[in-house]
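Peer 1:
In UniProt numbering, the protein residues as written are 1 to 295.
(1) Which partner residues of residue 60 appear in the DSSP bridge assignment?
(2) Would residue 288 and residue 181 qualify as a contact pair, given that the criterion is a beta-carbon distance under 9 Å?
(3) Can you check DSSP and say which residues form a bridge with residue 151?
(4) Using the three-state DSSP reduction, which class does residue 262 fall into: helix, strand or coil?
(5) Assign residue 155 to buried or exposed, taking buried as 16 or more other Cβ atoms, counted over all protein chains shown, within 10 Å of its Cβ.
(6) Under a Cβ-count criterion, where at least 16 other Cβ atoms within 10 Å of its own Cβ denotes burial, should residue 269 be classed as buried or exposed?
(7) According to DSSP, simplified to helix, strand and coil, what is residue 234?
(8) Buried or exposed, going by whether 16 or more other CB atoms sit within 10 Å of the CB of residue 21?
(9) Under the three-state reduction of DSSP, which class applies to residue 188: helix, strand or coil?
(10) Compare the Cα-Cα distances from residue 145 to each of 60, 237 and 212 and report the closest residue.
(11) Compare the Cα-Cα distances from residue 117 to each of 131, 64 and 129 and report the closest residue.
(12) Give the secondary structure of residue 299 by DSSP, where H, G and I count as helix, E and B as strand, and everything else as coil.
(13) Can you tell me where the alpha helix (DSSP H) with residue 83 in it begins and where it stops?
(14) Starting from the Cα of residue 217, find the closest Cα among 23, 139, 276 and 123 and give me that residue.
(15) Who does residue 88 pair with in a DSSP beta bridge?
(16) DSSP state of residue 252, grouped into three classes?
(17) Tell whether a beta-carbon distance below 9 Å holds between residue 37 and residue 170.
(18) Should residue 227 be labelled buried (16 or more other beta-carbon atoms within 10 Å of its own) or exposed?
(19) Tell me which same chain residues have a C-beta within less than 7 Å of the C-beta of residue 93, skipping the five on either side of it?
(20) Can you list, in chain order, the residues of its chain with a C-beta nearer than 8 Å to that of residue 140? Leave out the 5 residues immediately preceding and following it.
(21) Apart from the five residues on each side of it in sequence, which residues of its chain come closer than 7 Å, Cβ to Cβ, to residue 174?
(22) Evaluate residue 296 with the Cβ neighbour count: other Cβ atoms within 10 Å of its Cβ, from every protein chain shown; 16 or more gives buried, anything less gives exposed.
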């Protein structure tokens with residue numbers, strides 16, 4: 001069995017094998033951070049896509065020279081025009097308190113009387129109807145001076161495209177880490193085969209099969225890979241916890257919430273097992289291939 005502790009080869013005395021768990025720990029640490037970033041970006045992209053894909057924002061600039069009643073009529077006229085537009089499901093005026101809350105991360109605590117606040121209208125559109133924001137912009141501009149329509153779909157599409165690019169880069173980093181880990185195990189295993197060449201020859205003379213010898217190398221590699229994986233995962237968890245603590249101390253709204261879901265933490269928790277399996281399988285295949293060439 002791969003998990004057996006019995007061995008006929010003094011693999012524990014290999015000088016390079018003592019460094020293998022730490023090398024794997026470093027690789028698992030990087031892999032955990034890359035995977036956490038990959039999952040966090042995917043969650044963030046889905047949240048943005050779900051929450052803002054079918055929304056518009058209409059901005060009505062403040063007119064400090066007009067009376068409150070005139071501004072109220074102007075706002076109501078804009079709201080009526082938006083509601084009558086085909087494809088608009090719902091439109092509501094954002095309160096001044098909410099606008100101040102949105103501005104507070106950048107302007108600090110301000111009052112409505114301190115700055116001329118624009119009035120914002122959140123517009124929810126029908127996802128089955130293609131509403132052209134430019135047409136709505138032209139319609140409002142003919143009646144409401146300075147009205148601006150922000151189509152979230154345009155910049156949201158670019159933002160999600162950027163997120164997907166970062167996800168691809170993170171996936172590429174994971175692939176490179178996997179190749180580096182396999183190369184390290186291959187090098188260590190081949191070194192061990194060279195160091196123990198005479199002992200392996202004796203085992204062959206006593207009737208030991210290549211699979212028996214490969215099983216011992218694989219078991220040793222599995223143990224070191226799992227040990228290194230646990231160390232790397234602990235370091236990565238501490239790092240992620242520290243980053244979460246620092247992000248939590250920042251003002252709300254400055255950075256998006258990229259906390260990992262339960263499935264994300266589960267995927268990180270299996271990294272040590274995956275590291276052990278990859279190390280063991282790589283060592284076994286390396287030994288079998290090398291011994292066949294020695295015959």
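Beta carbons: idealized from backbone N, C-alpha and C, even for Gly.
Being a predicted model, the structure only gives us computed values, none of them experimental.
Peer 2: If we stick to the structure as given:
(1) In the chain shown, the residue the question calls residue 60 occupies position 60. Residue 60 pairs with 119.
(2) The residue given as residue 288 occupies position 288 in the chain shown. The residue given as residue 181 occupies position 181 in the chain shown. No. Outside cutoff.
(3) Here residue 151 corresponds to residue number 151 of the chain shown, with the count starting at 1. The partner list for residue 151 (beta bridge, DSSP) reads 56.
(4) Here residue 262 refers to the residue found at position 262 of the chain shown. Of the three classes helix, strand and coil, the one that applies to residue 262 here is helix, per DSSP.
(5) Taking the chain shown and counting its residues from 1, one reaches residue 155 at position 155. Result: exposed.
(6) Against the chain shown, residue 269 aligns to sequence position 269. Exposed: under 16 other Cβ atoms inside 10 Å.
(7) Residue mapping note: residue 234 aligns to position 234 of the chain shown, counting from 1. Residue 234 falls in the helix class under three-state DSSP.
(8) If you number the chain shown from 1, residue 21 lands on position 21. Answer is buried; the Cβ neighbour count reaches 16.
(9) Working through the chain shown from its first residue, we reach residue 188 at position 188. Correct three-state label for residue 188: helix.
(10) The residue given as residue 145 occupies position 145 in the chain shown. The shortest C-alpha separation from residue 145 is found at 60.
(11) Your numbering for residue 117 matches position 117 in the chain shown. Here the closest residue by C-alpha is 64.
(12) There is simply no residue 299 to check, as the chain begins at 1 and stops at 295 in what is shown.
(13) Counting from one through the chain shown, the residue named residue 83 turns up at place 83. Here the alpha helix (DSSP H) through residue 83 covers 68 to 83.
(14) Locating residue 217 in the chain shown gives position 217, where the first residue counts as 1. The option with the nearest alpha carbon to residue 217 is 276.
(15) Residue 88 sits at position 88 when you count from the first residue of the chain shown. BP columns for residue 88 point to 125.
(16) Start at 1 with the first residue of the chain shown, and residue 252 comes out as number 252. In this prediction, residue 252 scores a pLDDT of 49, lower than 50, which makes its location untrustworthy; no coordinate-derived value is stated.
(17) Residue mapping note: residue 37 aligns to position 37 of the chain shown, counting from 1. Residue mapping note: residue 170 aligns to position 170 of the chain shown, counting from 1. Yes. Within cutoff.
(18) Along the chain shown, read from residue 1 onward, the residue named residue 227 stands at position 227. Buried.
(19) For the purposes of this step, residue 93 is taken as the residue at position 93 of the chain shown. So the list reads 75, 79, 119 and 121, once near-sequence residues are dropped.
(20) Numbered from 1 along the chain shown, position 140 holds the residue referred to as residue 140. For residue 140, where only same-chain residues beyond five positions count, the Cβ hits under 8 Å are 58, 78, 81, 82, 147 and 149.
(21) One-based indexing of the chain shown puts residue 174 at position 174. These residues qualify, in order along the chain: 31, 34 and 35.
(22) With the chain running from 1 to 295 in the structure shown, residue 296 is simply not present.
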